[in-house]
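Have a look at the structure below, then the notes.
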Amino acid sequence: MTVTSPTPGSTRTSMSVRKRNGDLEPVDLMKIVRAVDRVAGDLDDVDPMRVATRTISGLYDGATTAELDRLSIQTAAEMIGEEPAYSRLAGRLLAGYVEKEVRNQGIASFSQSIGLGHAEGLIGDETFRFVKDNARKLDFAVDAEVAAGADHRFEYFGLRTVYDRYLLRHPVNRQVVETPQYFLLRVACGLARTPAEAIEFYRLMASLAYLPSSPTLFNSGTRHTQMSSCYLIDSPRDDLDSIYSRYAQVAKLSKFAGGIGIGFSRVRSRGALIRGTNGQSNGIVPFLRTLDSSVAAVNQGGRRKGAACVYLEPWHPDVEEFLELRDNTGEDARRTHNLNLANWVPDEFMRRVEADEPWSLIDPDEAPELVDLWGEAFDRAYRRVEAEGRVVRTLPARTLYAKMMKTLAQTGNGWMTFKDAATAPATRPPTRGRGRRPDRWCTCRTCAPRSSRSPPTTRPPCATSGRSTSRGTSSRR
9 MTVTSPTPGS TRTSMSVRKR NGDLEPVDLM KIVRAVDRVA GDLDDVDPMR VATRTISGLY
69 DGATTAELDR LSIQTAAEMI GEEPAYSRLA GRLLAGYVEK EVRNQGIASF SQSIGLGHAE
129 GLIGDETFRF VKDNARKLDF AVDAEVAAGA DHRFEYFGLR TVYDRYLLRH PVNRQVVETP
189 QYFLLRVACG LARTPAEAIE FYRLMASLAY LPSSPTLFNS GTRHTQMSSC YLIDSPRDDL
249 DSIYSRYAQV AKLSKFAGGI GIGFSRVRSR GALIRGTNGQ SNGIVPFLRT LDSSVAAVNQ
309 GGRRKGAACV YLEPWHPDVE EFLELRDNTG EDARRTHNLN LANWVPDEFM RRVEADEPWS
369 LIDPDEAPEL VDLWGEAFDR AYRRVEAEGR VVRTLPARTL YAKMMKTLAQ TGNGWMTFKD
429 AATAPATRPP TRGRGRRPDR WCTCRTCAPR SSRSPPTTRP PCATSGRSTS RGTSSRR
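Throughout, this note's numbering is defined as the position within the sequence shown, counted from one, plus 8.
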């Protein structure tokens with residue numbers, strides 16, 4: 009560790025800070041240096057004196073000691089660009105700040121943190137009883153990990169995210185009621201059946217060798233034990249009751265951090281006849297705009313934005329407008345900036361792209377059976393609809409494919425997921441000819457096709473987050 013020597017007589021300033029008990033105390037540069045030095049430890053490339061000097065330069069007279077702590081954390085974080093070791097230093101300073109915030113609420117142990125959380129309606133009854141019955145073992149386990157430097161394993165931005173989004177907060181004063189290690193042990197206790205199992209799982213997480221998905225981290229051990237990452241929902245039927253019931257379903261699932269995958273291929277296209285009113289449909293885009301607003305509004309408990317992916321088959325007449333939904337240009341009233349998009353592509357489309365043949369767009373109101381068919385059954389039904397002239401319009405398959413590739417390249421959306429390839433290798437295939445809908449098959453888990461006639465599949469990003477994933481955990485509703 010590098011230490012810059014202070015100028016003689018410069019360790020005290022004319023400014024004062026207000027301690028937590030309300031008393032004023034002169035700002036002492038060396039006291040700040042010693043505080044930074046205590047956590048710097050093995051960090052040879054950080055200079056506590058530089059951190060302290062920069063911290064004081066941003067301080068004002070009468071600031072609280074909590075503000076002083078936050079300023080020192082921010083100062084160290086701003087120096088990460090100069091030296092990466094300051095990320096560790098800022099993380100350790102933040103861990104100390106979090107510990108003070110917890111201790112100032114009278115919490116001195118993990119079991120006390122759980123007790124306060126339960127009294128405030130945050131912790132579930134089962135977890136509370138589990139911790140109460142095994143308090144001694146659990147308190148000892150977490151204290152041992154803290155003593156071994158578990159909090160020092162965090163980089164700054166990782167711990168900042170934990171503090172801002174994952175730690176439980178008091179419902180009134182909004183201060184955190186658990187340290188990072190209490191948080192991890194709370195998650196473990198919400199999943200375990202025995203104290204030994206909880207401690208083993210906690211130690212694995214404390215080592216940062218493994219962490220479960222965000223819904224588990226958010227909700228394990230709480231009163232709302234929703235821990236599934238993905239919920240996969242069937243396309244609404246082509247009527248208002250079904251469409252608006254889907255909005256309510258998506259909002260309730262998103263409320264507790266569930267990501268949503270939903271098909272929309274059953275809803276009729278723009279210009280289609282509405283027999284009940286003798287009017288014409290506005291297509292899927294206005295309904296997706298409403299879904300987009302719902303996903304933004306129900307922002308997973310205020311911790312992060314809602315996440316949803318909409319799937320559409322390429323024979324739907326609104327497919328070209330669908331591909332423009334994430335564009336940054338054009339009419340904003342026909343854009344959805346929060347939804348992720350995916351194409352649910354049958355083999356027949358890819359064969360026509362390869363052969364440079366025409367591709368027909370068919371309104372789902374005219375051929376509702378296409379949504380549920382796959383493989384040869386889909387091919388026969390699609391060609392029969394074409395032969396009967398029940399098409400909205402025809403365009404070159406390669407023209408549509410080029411638009412798909414352009415959208416994917418420009419926006420990172422419009423993911424390519426292959427209907428037949430996802431259905432064919434299913435462990436328990438659906439009824440012969442009945443397609444596995446995107447709402448029934450998490451495309452995180454798309455397998456390589458077994459049939460040589462199927463197009464090659466690429467491992468798509470997680471349908472609801474946009475990140476590549478190997479979790480593959482899905483829930484079926």
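Ideal Cβ placement from N, Cα and C applies to all residues, glycine included.
Member of the options whose CA lies at the smallest distance from the CA of residue i
i    : options                : result
Q257 : S273, D247, L299       : L299
V195 : V184, F165, T233       : T233
Y94  : A116, T63, L51, S117   : L51
G498 : D380, L333, S119       : With the chain covering only 9 through 485, there is no way to say anything about residue 498.
V399 : N286, N351, S277       : S277
G291 : L261, L248, N307       : L248
E33  : D69, D53, V41          : D69
R42  : G287, D55, H126        : D55
T431 : Y409, A385, A410       : A385
D387 : I251, S228, R312, E356 : E356
M413 : Y252, E86, L349, I40   : L349
G123 : N112, R111, V139       : V139
A204 : M235, L146, G266, L192 : L146
Y210 : F295, P294, V154, V110 : V154
L130 : T72, L216, H178, E208  : H178
Y252 : F295, S221, G266, L281 : F295
D326 : N307, A316, V293       : V293
E394 : L378, P220, K263       : L378
L240 : K313, S250, G269       : G269
V150 : F330, N181, L192, G267 : L192
N351 : F330, Y218, K260, G338 : F330
A85  : E163, I115, Q113       : E163
I282 : A265, D246, P354       : D246
F148 : G266, I64, Q120, V180  : Q120
For residue i, the first and last residue of its enclosing beta strand (DSSP E)
i    : result
M424 : 423 to 426
I268 : 267 to 271
P404 : 401 to 404
D133 : Per DSSP, D133 belongs to no beta strand (DSSP E); it is in the alpha helix (DSSP H), 133 to 141.
Y68  : Unbroken run through Y68: none, as it is neither H nor E.
E33  : 32 to 36
R111 : Looking at the DSSP string, R111 is not in any beta strand (DSSP E); the run it does join, the alpha helix (DSSP H), is 93 to 111.
P220 : First-last for P220: undefined, no H or E at that position.
P366 : 366 to 369
DSSP bridge partner residues for residue i (one or two, in chain order)
i    : result
I282 : G287
V195 : Bridge partners of V195: none, in fact.
Y319 : G271, A350
T230 : I131
V59  : In DSSP, V59 forms no bridge with anything.
S24  : P34
T83  : Partner(s): none; T83 has no beta bridge.
G407 : A small fix is needed here, since residue 407 is Thr in this sequence, not Gly. The partner list for T407 (beta bridge, DSSP) is empty, contrary to what the question assumes.
T72  : R26
Element boundaries [alpha helix (DSSP H), containing residue i]
i    : result
S277 : Taken as a continuous stretch (DSSP letters only), S277 belongs to no alpha helix (DSSP H), as it is neither H nor E.
I241 : Note, I241: premise wrong, no alpha helix (DSSP H); beta strand (DSSP E) at 238 to 241.
S253 : 248 to 263
P294 : 293 to 305
P203 : 203 to 214
M358 : 355 to 363
L51  : Counting along the chain, L51 falls outside any alpha helix (DSSP H), and DSSP gives it neither H nor E.
L331 : 327 to 331
Residue i Cβ short of 7 Å to the ligand ZN heavy atom set
i    : result
L167 : What this structure holds is no ligand at all, so the ligand ZN is not there to describe.
- Message: Would the stretch 415 to 422 count as touching the stretch 364 to 373 if we require 3 or more Cβ pairs under 8 Å?
- Response: no
- Task: Spell out a yes or no on whether the stretch 314 to 332 and the stretch 268 to 286 are touching, meaning 3 or more CB-CB pairs, one atom from each, closer than 8 Å.
- Result: yes
- Message: Quick test of the definition: if touching needs 3 or more C-beta pairs under 8 Å, does the stretch 337 to 344 touch the stretch 285 to 302?
- Response: yes
- Item | Stretch-stretch touch, CB-based, cutoff 8 Å, three pairs: the stretch 92 to 107 with the stretch 167 to 178 | yes
- Message: In chain order, what are the residue ranges of uninterrupted alpha helix (DSSP H) at least 4 long that sit wholly in the stretch 142 to 185?
- Response: 143 to 155, 164 to 169
- Quick one: any contact between the stretch 179 to 199 and the stretch 149 to 162, if contact means 3 or more CB pairs under 8 Å? yes
- Item | Meets three-Cβ-pair contact criterion under 8 Å: the stretch 76 to 90 and the stretch 105 to 123 | yes
- Query: Do the stretch 360 to 367 and the stretch 402 to 414 meet, that is, are 3 or more Cβ pairs less than 8 Å apart?
  - Reply: yes
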